[in-house]
Amino acid sequence: MSAVKIVALIVAAGFSMNAMAAEFSFDHPGTGIGTGITPVGQLAWEQGLPSLSYSESKDENGIKVRNTRLNADMLLRTGLAKDLELQLGWQGPSWSKTKTAGQSVEEDGLGDVSIGVKKAIDLDDEKLSMAILAEAILATGNDGFSNHDDIYSLSSALAYAATDLINTSITMRYEVQNSNWAVTAVPTIEYKIAGKWSGFSELVYRKAESEADEYSLGSGVVYALNDRVQMDASVGVDLNGKDKSYQSGLGVSFLF
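Under the working numbering, the first residue of the sequence shown carries the number 39, and numbering increases by one thereafter.
Printed below as a string of C-alpha cells:
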C-alpha cells in the first residue's frame, strides 16, 4: 500500500470521531503543532521574518565548511468546520552562503510548498486537547532549497493545561519520503512570563531510517499584541556530535 493511501486511511478514521476544537492558537514558532483550529471563515497568516540557520562541519579532507541560510517561510490556515482546518505553506524565498577555505559561494532560490488538513479530536476533558495533521510537502523548490522528493506525514499533538500559567504538549510526527520512514517527537512546555509575554522550550528528537539519532533544543518568546496579532523570536541548537548547528528566527502572525 502506498504512503498516500496509508495517510488517507488514517485521516479518514480520525475524521469519523466526534471532535471539538480547542481555543485558537497560532502554531508559529516552534517545531511542534498546536491543537487549536482556525475559526470558520477566518484566515491565520504566520510569517517568518526570516528564519536563519548556521552550521559548521568538516569535509572528507578535514577542511571546515561554514553554511549560513535565510528563508522567509509562511503558513496560511483557514477553518473549514469548527474542528477542521486547511493549511497551505511555503518555505519561501531563500538565500544561502557556503564558505570553504576562504572561498564563498552564494545561492538563492525558492523553497517547497505544502498542503495539510488538521482536525481536532474531542477527549471530553477540560484540560486535555488533541489534534491530528495530515500533510504533504511537495518538492517544487529550486535545487539547493528543496527536499527533492515529496514528503507525506501524519502528526498528532496532545496538550495538557497544567495550570493557568503552564501548558505542556507533545507532538509526534511520522513521515515517509521515497519509501524511507522517519519519526519525530517534540515535547514542549509553554509558560506565561508577564503581561502579554509568554515563552516556550522544546526538545526535538528525530530518527530517520538508516540514519543516526538527531537531537535539538529550542526556546523562544512570544508577545501577543492582541487576540489577533502576535510576534515571536526563537533560538535553537542541534546536539548532533562534533558538528555545530544553530537556528534562530523572528516571526509575526495575524488572524483575519
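Glycine residues also receive a C-beta, built at the ideal position from the N, C-alpha and C atoms.
Just so you know, these numbers come straight off a predicted model, no measurement behind them.
- The alpha-carbon of Val78 is positioned some 8 Å away from that of Glu123.
- Inter-residue distance for Pro88 and Ser152 is about 18 Å (C-alpha atoms, whole angstroms).
- Minimum Cα-Cα distance from Ser217 among the listed residues Gly182, Asp160, Gly179 and Asp187 corresponds to Asp187.
- Under DSSP, the beta-bridge partners assigned to Gln85 are Met112 and Val290.
- Between the segment 108 to 119 and the segment 189 to 204, the count of Cβ pairs shorter than 8 Å is below three; the stretches do not touch.
- Distance from the CA atom of Gly258 to the CA atom of Lys156, rounded to whole angstroms, is 24 Å.
- DSSP, reduced to helix, strand and coil, places Thr76 outside both helices and strands of the structure shown, so it counts as coil.
- Between the alpha carbons of Ile175 and Tyr229 lies a gap of roughly 31 Å.
- Fully contained in the segment 252 to 283 are the following beta strand (DSSP E) runs of length 3 or more, in chain order: 252 to 262 and 267 to 276.
- Annotation for Arg104: Glu94 and Lys137 place their beta carbon closer than 6 Å to its own, counting only its chain and skipping 5 residues before and after.
- Of Val267, Ala82, Asn264 and Val221, the smallest CA-CA separation from Ala246 is found for Val221.
- When secondary structure is reduced to three states using DSSP, Asp181 falls in the coil class, being assigned neither helix nor strand.
- Assignment of Gly100 by DSSP, reduced to helix, strand and coil, places it in the coil class.
- The C-beta separation of Phe294 from Leu118 comes to about 16 Å, leaving the pair out of contact by the 8 Å criterion.
- Thr106 is the residue among Ile159, Ala158 and Thr106 whose C-alpha sits nearest the C-alpha of Ser142.
- The alpha carbon of Asp97 has as its nearest neighbour, out of Asn109, Ser239, Ala139 and Ser132, the alpha carbon of Ala139.
- For Ala195 and Asp146, the gap between their C-alpha atoms comes out near 34 Å.
- About 7 Å separates the beta carbon of Pro225 from that of Glu240, a gap short enough to meet the 8 Å contact definition.
- Restricting attention to beta strand (DSSP E) runs no shorter than 3 residues, the segment 120 to 170 encloses them at 122 to 128, 131 to 138, 141 to 148 and 151 to 159, ordered along the chain.
- Secondary structure at Gly70: coil, using DSSP grouped into helix, strand and coil.
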